[in-house]
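Numbering (UniProt numbering), first residue to last: 1 to 120.
This report concerns only the one structure given below.
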Amino acid sequence: MSALRDALRELPDAVFADLLESDEAYRLVLDVPGVTADTAEIVADGSRLTIEARREKAVPEEFRYLREDRPLFLDAELPVPREADGEAAEAVIDRGVLEITLPKTTDGSGQPIPIDDAAE
């Protein structure tokens, strides 16, 4: 899971994120003002979670930008923790807050590696 925490640190400064954990799941909470379910896409592909989000910005004709710091796009590729099931992830967005829930696997899907005793 430290890889996910490290990846969150690499998000643009304009994106605020929280990472929560329970016994059953991880929850990733991202502030993405102006983004809706229609302008966001999340894809789980094996051990990666790809988030693409776009916000609309409207500038009245009588105004022009003196400073523009709010990015229009968020493109992030995050690692899925080894004990989480990215394919079973669920997401909801409410007033610009995107919550992605990654359930933890309970089937012990890791593959054991046999260890030979070199002394034998």
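C-beta atoms are modelled at their ideal positions from N, C-alpha and C, and glycine is treated no differently.
Boundaries of the beta strand (DSSP E) harbouring residue 54: 48 to 54, taken from the DSSP string. In the pairwise beta carbon analysis, the stretch 91 to 100 is classified as touching the stretch 36 to 55: at least three pairs are separated by under 8 Å.
Measuring C-alpha to C-alpha distances from residue 30 to each of 22, 74, 87 and 104 identifies 74 as the nearest. The beta carbon of residue 72 sits closer than 7 Å to the beta carbons of 54, 55 and 57 from its chain, once the five residues preceding and following it are set aside; these are given in chain order. Taking C-beta separations shorter than 6 Å and ignoring five residues to either side along the sequence, the partners of residue 80 in its chain run 47, 49 and 86, following chain order. Of all alpha-carbon atoms in 33, 51 and 19, the one lying nearest the alpha-carbon of residue 96 is that of 33. For residue 38, there is no enclosing beta strand (DSSP E), as DSSP marks it with neither H nor E.
A straight-line Cα-Cα distance of about 32 Å links residue 61 and residue 11.
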